[in-house]
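Engineer: A single structure is presented below for examination.
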Amino acid sequence: MAFDLLKLGDDTVSRALKLGASAAESFLVSDRELSIEVANQEVETMKVAESAGLGMRVFKDGRMGFAYTADLSKTGLDFVAAQAMENAKRSAVDEHNVLPEPVGNYTSLDLFDPEIDKTPVETKISLAKEIERQARQYDKRVTITERCAYQDSTYRVAIVNSHGISEEYKGAYCGAYSFLVAEENDEQQTGFGMQYRLKYNQLNPKEVGHEGAEKAVRMLGAKEISTQRATVVLDPYVATNFLGVIAPALSAESVQKGKSLFAGKVGQAVGARLLTIIDDGAMKGGVISAPMDGEGVPAGKTVLIDKGDLQGFLHNTYTAAKDGVASTGNGTRGSFKGTPEIGTTNFYIAPGETPRDKLLAEIDKGLYITEVMGMHTANPISGDFSVGASGLWIENGKFTHPVRGVAIAGNVMDLLKSIDCIGSDMTFFVGKGSPTVRIARMTISGA
Amino acid sequence: MVSREDANRILKIALQNGGNFADIFVERKRNVSISLEAGKIERVNSGLDVGAGIRVISGDSTSFAHTNDVTLKGLEALADIVSKAAKGHNGQKDIPVIDRPANWRPDFKKKPGSVPTEAKVALVEKMDKAARSADPRIKQVAVGYGDVEQDVLIANSDGVYVEDQRVRTRMVINAVAQEGDAIQTGFDSLGGLQGFEIFDTANVEETARNAAKRAVALLSAKPAPAGRMPVVMAGEAGGTMVHEACGHGLEADLVQKKLSVYGGKVGEKVASELITVIDDATIPGKYGSLAYDDEGTPGEKSVLIEKGVLKSYMYDKLTAIKEKRESNGNGRRQSYQDRPIPRMTNTYIASGESDPEEIIRDTKSGLLVKKMGGGQVNTTNGDFVFDVAEGYLIEDGQVGALVRGATLTGNGPKVLQIVDRVGNDLGFAIGTCGKDGQGAPVSDAQPTIRIPEMVVGGILDED
Numbered sequence: 001m002a003f004d005l006l007k008l009g010d011d012t013v014s015r016a017l018k019l020g021a022s023a024a025e026s027f028l029v030s031d032r033e034l035s036i037e038v039a040n041q042e043v044e045t046m047k048v049a050e051s052a053g054l055g056m057r058v059f060k061d062g063r064m065g066f067a068y069t070a071d072l073s074k075t076g077l078d079f080v081a082a083q084a085m086e087n088a089k090r091s092a093v094d095e096h097n098v099l100p101e102p103v104g105n106y107t108s109l110d111l112f113d114p115e116i117d118k119t120p121v122e123t124k125i126s127l128a129k130e131i132e133r134q135a136r137q138y139d140k141r142v143t144i145t146e147r148c149a150y151q152d153s154t155y156r157v158a159i160v161n162s163h164g165i166s167e168e169y170k171g172a173y174c175g176a177y178s179f180l181v182a183e184e185n186d187e188q189q190t191g192f193g194m195q196y197r198l199k200y201n202q203l204n205p206k207e208v209g210h211e212g213a214e215k216a217v218r219m220l221g222a223k224e225i226s227t228q229r230a231t232v233v234l235d236p237y238v239a240t241n242f243l244g245v246i247a248p249a250l251s252a253e254s255v256q257k258g259k260s261l262f263a264g265k266v267g268q269a270v271g272a273r274l275l276t277i278i279d280d281g282a283m284k285g286g287v288i289s290a291p292m293d294g295e296g297v298p299a300g301k302t303v304l305i306d307k308g309d310l311q312g313f314l315h316n317t318y319t320a321a322k323d324g325v326a327s328t329g330n331g332t333r334g335s336f337k338g339t340p341e342i343g344t345t346n347f348y349i350a351p352g353e354t355p356r357d358k359l360l361a362e363i364d365k366g367l368y369i370t371e372v373m374g375m376h377t378a379n380p381i382s383g384d385f386s387v388g389a390s391g392l393w394i395e396n397g398k399f400t401h402p403v404r405g406v407a408i409a410g411n412v413m414d415l416l417k418s419i420d421c422i423g424s425d426m427t428f429f430v431g432k433g434s435p436t437v438r439i440a441r442m443t444i445s446g447a
Numbered sequence: 001m002v003s004r005e006d007a008n009r010i011l012k013i014a015l016q017n018g019g020n021f022a023d024i025f026v027e028r029k030r031n032v033s034i035s036l037e038a039g040k041i042e043r044v045n046s047g048l049d050v051g052a053g054i055r056v057i058s059g060d061s062t063s064f065a066h067t068n069d070v071t072l073k074g075l076e077a078l079a080d081i082v083s084k085a086a087k088g089h090n091g092q093k094d095i096p097v098i099d100r101p102a103n104w105r106p107d108f109k110k111k112p113g114s115v116p117t118e119a120k121v122a123l124v125e126k127m128d129k130a131a132r133s134a135d136p137r138i139k140q141v142a143v144g145y146g147d148v149e150q151d152v153l154i155a156n157s158d159g160v161y162v163e164d165q166r167v168r169t170r171m172v173i174n175a176v177a178q179e180g181d182a183i184q185t186g187f188d189s190l191g192g193l194q195g196f197e198i199f200d201t202a203n204v205e206e207t208a209r210n211a212a213k214r215a216v217a218l219l220s221a222k223p224a225p226a227g228r229m230p231v232v233m234a235g236e237a238g239g240t241m242v243h244e245a246c247g248h249g250l251e252a253d254l255v256q257k258k259l260s261v262y263g264g265k266v267g268e269k270v271a272s273e274l275i276t277v278i279d280d281a282t283i284p285g286k287y288g289s290l291a292y293d294d295e296g297t298p299g300e301k302s303v304l305i306e307k308g309v310l311k312s313y314m315y316d317k318l319t320a321i322k323e324k325r326e327s328n329g330n331g332r333r334q335s336y337q338d339r340p341i342p343r344m345t346n347t348y349i350a351s352g353e354s355d356p357e358e359i360i361r362d363t364k365s366g367l368l369v370k371k372m373g374g375g376q377v378n379t380t381n382g383d384f385v386f387d388v389a390e391g392y393l394i395e396d397g398q399v400g401a402l403v404r405g406a407t408l409t410g411n412g413p414k415v416l417q418i419v420d421r422v423g424n425d426l427g428f429a430i431g432t433c434g435k436d437g438q439g440a441p442v443s444d445a446q447p448t449i450r451i452p453e454m455v456v457g458g459i460l461d462e463d
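Protein sequences appear in the order of chains P and R.
With the UniProt record's numbering applied, the first sequence corresponds to residues 1 to 447, in that order.
With the UniProt record's numbering applied, the second sequence corresponds to residues 1 to 463, in that order.
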């Protein structure tokens, strides 16, 4: 669908102003998506999708209203401006309800690889099949494919506001993943591999297949262990899961509402000296990098925790106005269906200097955690978490056997302070990245 | 939205290059959400979603496409795209006419679309006030209101042609209590396949006070104990346990892909004789209820496990075709943008005979779960976890101190085998279940049950 996004944005913004809005903004997305899921060397599901939509914020007398439409015909456009105005009547007056002013230039990013569009579907199907072939070759105990898949998306985003912002950018990304099961002696264990990239030729099906296979096979023979305190190592994926729990506490909105454990601690040590946490919306090569956030504010790099010390918080235009600071460009939108809320972009723990092997070799007794379950139940306000875990037992610096059915619990604030080593390896999982992270000691609940 | 004749013509285009089955799902959805925080109405959002998805199944292969363009021309173009990936078994004969009446129909007395926004805002403010006045230590309250009116048209090459309307209304509240350095939160929610009439009977202020009291109580709670111990789950605790411990493992797609520990076990004993598990889409008003699923199959009451013996899995159309059987109405999709997959509706462990209070009295020591939070399962090995939103120690048959931060972990089949008490109560809780990136409204319930041993993820005192 070849919508003229900027024109639709202009039209709706003008319409809202005519209806009496003091300011208005339209956010538009148009995308095309392909996904191919393979199992047993057959295409199990192929999905081709096109969608487009518009989300509109209007302001009147310090009140804000929002409406969206996935129907870009006259019906939908008539609905969206009028409904947003209607909704504005019911929301609270707040002087900080403002839109950003236009800025000169945005960082130019290389987000669109034409190869993603040009590569024929057949080639993409072969890539998905290759992931599975590589996984099966890696170890013959890999017998079941939950799915091996290729996926890509080509998108255009436009933001128009009544202060003069009128910008459009396009991008594309592609991904490959494997979800596999290894079987032995009536036991089944799962593993996954994943890569999301900006460029088609950066996808490596062999790595994705081997990663999933290795993770599944190494869990075979997993045992329970007894309850104890020991060293715990978070693999990069698990560490990014914890980053997800910390993220809300680093949002200025949480601070302003008294819901952040970091409130009032800027300049203070909130983590180990080794720990640096960064958000970078314009990171080179980042799958979700973009020149601007969901309000048209330039994306950029924000160091949140520097060598253990809290530096500041993530802002959108609203929280920045409230605190009298500049937005950090973190007014993110999941889609056109929502208002820009504070969110992370490329959010990561900066790598340390210790190679992963050395980080592990120093451990007398500990658990290398490769999977956690129930992380969404962790409480980002209190910081308390208690999650199921599985992984590999370490003794004298070596993996001895896989472990399952244990739980780890604690508070993320304590966890950040107990980090005693950060690896030099760095892995990104779409928008979150981390190296391997070692925690000096924590309770492992088991039998 | 689309006449039967037009739907049939589009389905034939979808099958023009082959395929055994095709369906079309056209959706028009209006939703409203209102959020309050810090005593202010922050967001009043409305949305309009329109779109269609077309699917062709050829053997084991599914081709699926969706679009926002629901004009006849748009749908024909979409059918043509989907048909390109179809193969084999060329040429669909005429599409028959099937009319399968629903087993029940919801009666929406007050469509949220006809209720003024002020009335919705007033409810949100009422909950905020109730939570704040429950205790001075409540420092922050977030309330969310949401309603959805979804009109769907579903037609398939078997001859099904169904128009259905789903209306769901829900409220959630999160209260934050603070005292000194300690911050704790309490959550509660209510909702159903109902319109605004849900508030004729639901007591939103009580829901708000429950959340507030939970947050305040947690301020003085001790960390949960760590290790293996007996666990009693109260009937009012919700049903996350049954949802995770066996619900997901009984979904036919996971079973057929050999990703479930319950695979190949129909007729076998998979749980204690005290355990009967039911998935019932036909309970009026519950959050997971449906007259028709998203493939046009009437929603049913299915006995999944009867007195410990596995009776059936939950099927959608695709998994049913693979086993040459009928779907039992569990094919659900988040929207036209997603393909249908087997999902739960309202899932529960049937009531037993024990007196809930006696179950606690007969437990020497352990943990009482009074409110469950979210959970997760690895269906392949059956390991699951769920969060305890409100838990107490049991000491000598008495309910003792409140504990915080506990997660229970166990293995589904093992836990269900060792259940040794099932109470005569039953309490539902609502949730949004996530699977393959799709959210589905569900409710779960179980009576008070006792599990002789589960691993509690707590904290050991530093030696």
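Positions of the beta carbon are idealized from the N, C-alpha and C atoms, including for glycine.
May I ask which residues mark the beginning and end of the beta strand (DSSP E) holding ARG438(P)?
Structural biologist: 437 to 445
Engineer: Whose CA, out of ARG30(R), ASN203(R), GLY308(R) and ALA7(R), lies closest to the CA of GLN417(R)?
Structural biologist: GLY308(R)
Engineer: Using 8 Å as the cut-off, can you tell me whether the stretch 229 to 236 of chain P makes contact with the stretch 356 to 368 of chain P, which would need three or more C-beta pairs spanning the two stretches below that distance?
Structural biologist: yes
Engineer: Give me the subset of the stretch 351 to 379 of chain P whose CB atoms are less than 7 Å from a CB atom of chain R, sorted by chain position.
Structural biologist: Look at the stretch 351 to 379 of chain P: the residues with a C-beta under 7 Å from a C-beta of chain R are MET373, GLY374, HIS376, THR377 and ASN379.
Engineer: Following the continuous beta strand (DSSP E) through PHE199(R), name the residue where it begins and the one where it ends.
Structural biologist: No beta strand (DSSP E) contains PHE199(R), which is instead part of the alpha helix (DSSP H) from 198 to 201.
Engineer: Select from ASP186(P), THR276(P) and VAL372(P) the residue whose C-alpha is nearest the C-alpha of SER390(P).
Structural biologist: VAL372(P)
Engineer: Which two residues bound the contiguous beta strand (DSSP E) that contains GLU146(P)?
Structural biologist: 142 to 161
Engineer: Kindly indicate if chain R contains any beta-carbon less than 7 Å away from that of TYR318(P).
Structural biologist: Not one chain R Cβ lies under 7 Å of TYR318(P).
Engineer: Which residue from VAL303(R), ALA245(R), PHE108(R) and GLN178(R) puts its Cα closest to that of LYS259(P)?
Structural biologist: It is GLN178(R) whose Cα lies nearest to the Cα of LYS259(P).
Engineer: How long is the line joining the alpha carbons of PRO102(P) and TYR169(P), rounded to whole angstroms?
Structural biologist: If you draw a straight line from the Cα of PRO102(P) to the Cα of TYR169(P), it comes to about 15 Å.
Engineer: Please report whether the beta-carbon of LYS139(R) lies at a distance below 7 Å from any beta-carbon of chain P.
Structural biologist: At least one chain P Cβ lies under 7 Å of LYS139(R).
Engineer: Does the beta carbon of THR62(R) come closer than 7 Å to any beta carbon on chain P?
Structural biologist: yes
Engineer: Nearest-angstrom Cα distance between ALA326(P) and ASN161(P)?
Structural biologist: 18 Å
Engineer: Between the C-alpha atoms of ALA7(R) and ASN241(P), what's the straight-line distance to the nearest angstrom?
Structural biologist: 45 Å
Engineer: Return yes when the Cβ of GLY373(R) is within less than 7 Å of the Cβ of ALA409(P), no when it is not.
Structural biologist: no
Engineer: Answer with buried or exposed for VAL266(R), where buried requires no fewer than 16 other C-beta atoms within 10 angstroms of its C-beta.
Structural biologist: exposed
Engineer: To be precise: take each residue of the UniProt domain "Metalloprotease TldD/E central" (116 to 220) of chain P, compare its Cβ to all Cβ atoms of chain R, and keep it if any distance is under 7 Å. Which residues remain?
Structural biologist: Answer set for the UniProt domain "Metalloprotease TldD/E central" (116 to 220) of chain P: ILE144, GLU146, VAL181, GLN188, GLN189 and THR190.
Engineer: Select from ASN316(P), ASP117(P) and LYS358(P) the residue whose C-alpha is nearest the C-alpha of TYR200(P).
Structural biologist: ASP117(P)
Engineer: By the three-class DSSP mapping on this structure, what secondary structure does ASP49(R) have?
Structural biologist: strand
Engineer: Helix, strand or coil for HIS376(P)? Go by DSSP, reduced to three states.
Structural biologist: HIS376(P) falls in the helix class under three-state DSSP.
Engineer: Cα separation between MET454(R) and VAL399(R)?
Structural biologist: 18 Å
Engineer: Look at the Cβ atom of GLY267(P), then the Cβ atom of GLY308(P), and state whether they are nearer than 7 Å.
Structural biologist: no
Engineer: In the DSSP assignment, find the unbroken alpha helix (DSSP H) run with SER14(P) in it and report its ends.
Structural biologist: 5 to 18 is the span of the alpha helix (DSSP H), which, as asked, contains SER14(P).
Engineer: GLN189(P) bridges to which residues according to DSSP?
Structural biologist: ALA182(P)
Engineer: Could you spell out the range, first to last residue, of the beta strand (DSSP E) harbouring LEU190(R)?
Structural biologist: Its beta strand (DSSP E) spans residues 182 to 192.
Engineer: Would you say the stretch 257 to 264 of chain R touches the stretch 272 to 292 of chain R, given that touching needs at least three Cβ pairs under 8 Å?
Structural biologist: no
Engineer: Rounded to whole angstroms, what is the Cα-Cα separation between ALA88(P) and PHE66(P)?
Structural biologist: 7 Å
Engineer: Can you have a look at ASP463(R) and say buried or exposed, based on whether 16 or more other CB atoms are within 10 angstroms of its CB?
Structural biologist: Below a pLDDT of 50, predicted positions are generally treated as unreliable, and ASP463(R), at 41, falls in that range; the measurement from the model is reported next regardless. The residue in question, ASP463(R), is exposed, as its Cβ has fewer than 16 Cβ neighbours within 10 Å.
Engineer: With a 10 Å radius around its C-beta and 16 neighbouring C-beta atoms as the bar for buried, classify PRO284(R) as buried or exposed.
Structural biologist: exposed
Engineer: Can you check whether the C-beta of ALA52(P) is within less than 7 Å of a C-beta belonging to chain R?
Structural biologist: Interface residue, yes.
Engineer: Any Cβ of chain R within less than 7 Å of the Cβ of ILE225(P)?
Structural biologist: no
Engineer: Tell me, please, whether the CB atom of VAL412(P) is closer than 7 Å to any CB atom in chain R?
Structural biologist: no
Engineer: Do we get a CB-CB distance below 7 Å when we pair ILE430(R) with the residues of chain P?
Structural biologist: no
Engineer: Where does VAL97(R) land, buried or exposed, given buried means 16+ other C-beta within 10 angstroms?
Structural biologist: Its Cβ having fewer than 16 others within 10 Å, VAL97(R) is exposed.
Engineer: Which residue's Cα is closest to the Cα of PRO223(R): GLY383(P), LEU5(P), PRO100(P) and GLU211(P)?
Structural biologist: GLY383(P)
Engineer: Using a beta-carbon distance below 7 Å, is ARG229(P) in contact with chain R?
Structural biologist: ARG229(P) counts as touching chain R.
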